[in-house]
Each structure stands twice: as structure tokens, then as C-alpha cells.
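First residue of the sequence shown: 2, per the numbering used here; consecutive thereafter. Please read the structure below before turning to the comments.
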Amino acid sequence: MNYRVAPEAAASLVPPPMRPQLVGGWAVAGICLIRLGQLRPSRLPGWIGLRSENAAHRVAVEWDGPQGRSTGVYISRRDSGSVINVLAGGRLFPGEHSLARFDVRETTQDLHVAFASHDESLSVSVDVRTAERFQGSELFADLAQASDFFRHGSAGFSATRGGRCLDGLELQTNSWHVEPVEVSSVRSTVFDDRDRFPPGTAVLDCALLMRQVPVSWRPLPPLRPRHESLPPATSGHNPT
């Protein structure tokens with residue numbers, strides 16, 4: 002789920018040295034709803050892998066590094082229905098997770114995904130249907146442009162509770178493929194909150210679907226802020 006967000010609203014959500022990456026004068030933020038199947042260390046067989054439902058609230062960002070301008074996403078919050086992911090995230094692999102309850106139903110054409118945080122302070126509900134064409138977006142002219150934008154944002158840096166660094170994780174795949182979908186309904190306690198986003202500052206723009214895509218995850222060196230401390234990982238009552 003992708004929202005076009007007023008730059009000044011998005012700027013308050015990301016820590017330095019990051020800044021919102023703009024498309025047509027808008028920042029790009031949203032929610033990734035992720036089903037992981039056969040998650041395991043690469044050297045182990047697929048049958049031993051775990052399946053889990055997960056979500057990430059993220060903002061597309063850029064920053065100046067040793068090699069020049071870099072792009073990726075800042076992830077202010079990760080949620081998972083897997084207790085193992087919650088316990089291992091930030092310890093055995095980068096990315097701290099909060100426990101959530103997920104409800105997922107799907108057919109070949111329709112998909113419903115909903116989740117609520119364990120403390121019920123944050124919730125999301127999405128219904129989409131596969132579409133033949135990509136249309137209605139003010140951020141991207143066509144599906145190829147949208148796909149290319151998100152493919153180049155595969156490096157994700159997550160907020161940590163300690164607030165001293167950002168955990169880094171990069172998605173890698175040789176089978177990148179996105180499909181257009183039509184949004185039937187969407188509710189988000191984050192993006193629907195007018196105290197966080199006054200009217201017109203966060204507008205649903207488009208949604209994309211990836212299915213049956215084999216991926217691997219590569220840990221990245223933690224990204225340290227320009228200052229001594231970072232805002233801690235957001236709770237359900239803080240901006241995401």
C-alpha cells in the first residue's frame with residue numbers, strides 16, 4: 002500500500018542523515034504486508050523453513066554516503082504474527098518486530114489482509130483485487146516506473162528500541178515482478194489519523210502485489226545517525 006505524503010510531514014518521520022525521497026514533489030510512504038514462506042538460513046533445505054505473516058511501515062528515503070547518494074526505505078515499525086520472528090528479530094537477524102495478530106484470506110483474484118498489534122494500539126485492514134492495468138496513480142506514470150522505483154529501494158533500515166543505530170537488511174531477488182491491484186478498501190490507524198496527517202497530507206496512491214517471488218535477505222552494516230541518538234522505534238501512538 003503506497004501513500005503520497007506531503008514532504009514536510011514525511012520529513013518529521015525519518016532520522017538524519019536520511020531525508021524523504023520525492024517523486025513529483027511528494028514523499029512516498031506506506032505499508033508492506035509480507036507473507037514469508039520457507040524462511041530459513043540459505044544452507045538449510047526448504048522443508049525446514051518457517052511461514053509467517055509480517056508487516057512494515059516504511060518511508061522511501063535517500064541519504065549521502067561514502068559512494069554518493071543512496072536510496073532505500075526507513076522502516077519505523079515491523080510487526081509479525083510469528084513469535085519466533087519477534088524473539089529473533091534484532092538478535093539473530095536485523096530488524097526488531099512487535100507481535101501482532103493477522104487475518105489473511107485469498108483467492109486467485111482477491112486478497113484480504115488485516116492485522117492488529119498485540120496491545121491493539123495499531124491496526125491495518127486491506128482488501129484488493131488483481132487488475133489488468135495499473136491506473137489512478139499520481140506518483141507513477143505506469144507499472145514499469147512504479148516497479149523500478151521500489152526495486153531500487155530494496156535496502157531497508159529499521160528503527161531500534163535502543164535508538165543508537167538503524168538495523169540494515171537488503172532484499173535480493175533475480176525474479177522481481179509486481180502486479181497491479183485495485184483497492185476495494187483500506188483502513189490504517191496510522192495514515193487515517195488526522196492528528197498525524199492533516200487532510201491532504203497523506204493520500205492513498207496505489208497498491209502493488211508480488212507473488213511467488215524467491216528472495217534472500219542480506220544483512221547490511223547498521224546505519225548510524227548524524228547525531229548521538231535516534232528517536233526510538235515508533236509505538237502504535239506515534240507517527241510511522
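Yeah, the Cβ is synthetic: ideal placement off N, Cα and C, and Gly gets one too.
C-beta atoms of residue i and residue j nearer than 8 Å
i, j, result
"residue 75", "residue 31", "no"
"residue 220", "residue 170", "yes"
"residue 53", "residue 86", "yes"
"residue 147", "residue 184", "no"
"residue 56", "residue 29", "no"
"residue 218", "residue 144", "no"
"residue 100", "residue 81", "yes"
"residue 114", "residue 34", "yes"
"residue 203", "residue 6", "yes"
"residue 129", "residue 116", "no"
"residue 174", "residue 216", "yes"
Beta-ladder partner(s) of residue i, from DSSP
i, result
"residue 198", "Answer is none; residue 198 lacks a bridge partner."
"residue 103", "116"
"residue 167", "224"
"residue 180", "210"
"residue 58", "32, 78"
"residue 5", "29, 204"
Cβ-based burial, residue i [other Cβ within 10 Å; buried from 16]
i, result
"residue 48", "Unreliable placement is indicated for residue 48, whose pLDDT of 45 sits below 50; no coordinate value is reported for it."
"residue 231", "Only weak support is given to the placement of residue 231: the predicted model assigns it a pLDDT of 48, under 50, and the question is left unresolved by the model."
"residue 168", "buried"
"residue 58", "buried"
"residue 206", "buried"
"residue 22", "buried"
"residue 225", "exposed"
"residue 79", "buried"
"residue 127", "buried"
"residue 15", "buried"
"residue 19", "buried"
"residue 26", "exposed"
Residue-level contact to chain B via CB, residue i, 8 Å cutoff
i, result
"residue 52", "Absent from the structure: chain B. Only one protein chain is present."
Beta strand (DSSP E) runs contained entirely in the stretch 113 to 162, provided each spans 3 or more residues: 124 to 131, 156 to 159
Three-pair Cβ contact test at 8 Å for the stretch 85 to 99 versus the stretch 173 to 192: no
Cβ pair count under 8 Å reaching 3, the stretch 56 to 68 against the stretch 163 to 182: no
At least three beta-carbon pairs within less than 8 Å, the stretch 193 to 204 to the stretch 5 to 15: yes
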